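The sequence shown stops at residue 561 when you use this note's numbering, and every number in between is there.
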Amino acid sequence: MQGFQLEIWPEGTAFFRRAVEIWQEQAAAAIRQRGRFTVALAGGNTPRKLYAALTQAPGIPWQQTWLFWGDERYVPPDHPESNYGMVRRILLDTVGVPASQVFPMPTHSGDPLRDAAEYEATLQQIFGTECPAFDLIWLGVGEDGHTASLFPGTAALEVQHRWVTVGQKREEPRLTLTYPVLNRAAQVVVLVTGASKAAIVKEALTTEAHLPCQRLNPQGRLLWLLDAAAAAELPLPAVALLG
């Protein structure tokens with residue numbers, strides 16, 4: 319991980335207001351340039367709160383928004399742990415994104431590799447044969463340093479010639495975008511909140527620990543968006559609280 323931006327905001331409303339602003343800014347720029355806004359979404363508790371905040375945000379161009387997923391648990395879409403299911407319940411049932419512009423990762427064949435190939439084919443239909451360049455990708459970080467479903471010590475970390483692959487958490491398969499896709503985005507935002515993430519944030523941003531999240535190096539911009547609790551172990555006064 320080379321150059322990146324860092325923003326630290328107070329916990330709660332100010333943090334999610336900033337995340338919504340980033341969505342709005344990236345959407346406006348993409349639609350001005352290309353007439354559509356392509357976003358890859360994350361699962362987890364912090365993104366869940368972002369999606370809830372988006373339902374209250376004015377002026378978001380949902381009709382020009384195309385939604386994809388950065389990773390998915392290998393469960394049915396109506397399963398409580400489905401990333402798509404969470405987004406549908408919190409966001410899609412409320413805002414007006416056309417169904418033809420929503421692209422969840424498939425988990426229906428019983429073969430994760432087959433479903434990964436199917437999602438890659440979907441991306442090729444939309445983006446063409448060149449590696450996709452999303453306008454915005456939202457990511458989180460686990461306490462082990464994983465991002466998307468790229469977990470430490472797994473084969474998915476080394477996949478360079480596919481856009482979608484199978485990640486493993488213990489014995490649980492997941493679908494995930496690969497680094498070539500993550501690192502081609504115009505903007506990657508790593509959302510991290512809470513004291514439980516403070517240690518891994520410090521390790522990721524101040525050491526060379528070879529964590530999965532440290533392999534993020536997009537051609538565009540990389541922003542680590544932290545709340546004060548997640549940033550609590552970073553060295554001071556090198557960080558400043560915004561908001």
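Idealized CB from N, CA, C, for every residue including glycine.
As the structure is a computational prediction, the values presented were derived from the model and not from experiment.
Since I believe residue j is in contact with residue i (beta carbons under 8 Å), could you give me their beta-carbon distance rounded to a whole number of angstroms?
i, j, result
"Arg492", "Arg391", "5 Å"
"Phe452", "Ala358", "5 Å"
"Ala547", "Thr511", "7 Å"
"Val484", "Leu431", "6 Å"
"Glu436", "Arg480", "Not quite, the Cβ-Cβ distance comes to about 12 Å (not below 8 Å), so this is no contact."
Need the endpoints of the alpha helix (DSSP H) that residue i sits in, please.
i, result
"Pro498", "Tyr497 to Leu500"
"Arg480", "From DSSP, Arg480 is part of no alpha helix (DSSP H); its letter is neither H nor E."
"Val507", "It is not in any alpha helix (DSSP H) - Val507 instead sits in the beta strand (DSSP E) that spans Gln505 to Val510."
"Gln323", "Premise fails: Gln323 lies in the beta strand (DSSP E), Gln323 to Trp327, not in any alpha helix (DSSP H)."
"Val405", "Asn401 to Val405"
If you count every other CB in all the chains shown that lies within 10 Å of the CB of residue i, and 16 or more means buried, which is it?
i, result
"Arg502", "buried"
"Ile444", "exposed"
"Ala516", "buried"
"Pro394", "exposed"
"Pro416", "exposed"
What are the boundary residues of the beta strand (DSSP E) that residue i is part of?
i, result
"Arg335", "Looking at the DSSP string, Arg335 is not in any beta strand (DSSP E); the run it does join, the alpha helix (DSSP H), is Thr331 to Arg352."
"Leu523", "Note, Leu523: premise wrong, no beta strand (DSSP E); alpha helix (DSSP H) at Ala516 to Thr524."
"Leu544", "Arg539 to Asp545"
So, does the stretch 375-384 touch the stretch 401-411, judging by three or more C-beta pairs under 8 Å?
no
At what residue ranges does the stretch 359-399 contain a whole run of the beta strand (DSSP E), taking only runs of 3 or more?
383-387 and 389-391
If we count Cβ pairs, one from each stretch, closer than 8 Å, do we get three or more for the stretch 457-471 versus the stretch 524-535?
Using a C-beta cut-off of 8 Å, the stretch 457-471 makes contact with the stretch 524-535, since at least three inter-stretch Cβ pairs fall below that distance.
Specify whether the stretch 505-517 and the stretch 325-338 touch according to this definition: at least 3 beta carbon pairs, one from each stretch, less than 8 Å apart.
Three or more Cβ pairs drawn from the stretch 505-517 and the stretch 325-338 lie within less than 8 Å of each other, which places the two stretches in contact.
Please specify which runs of the beta strand (DSSP E), each continuous and at least 3 residues long, are wholly inside the stretch 430-476, giving them in chain order.
454-457
Are the stretch 357-371 and the stretch 320-328 in contact at 8 Å, needing three or more beta carbon pairs?
The stretch 357-371 vs the stretch 320-328: no contact.
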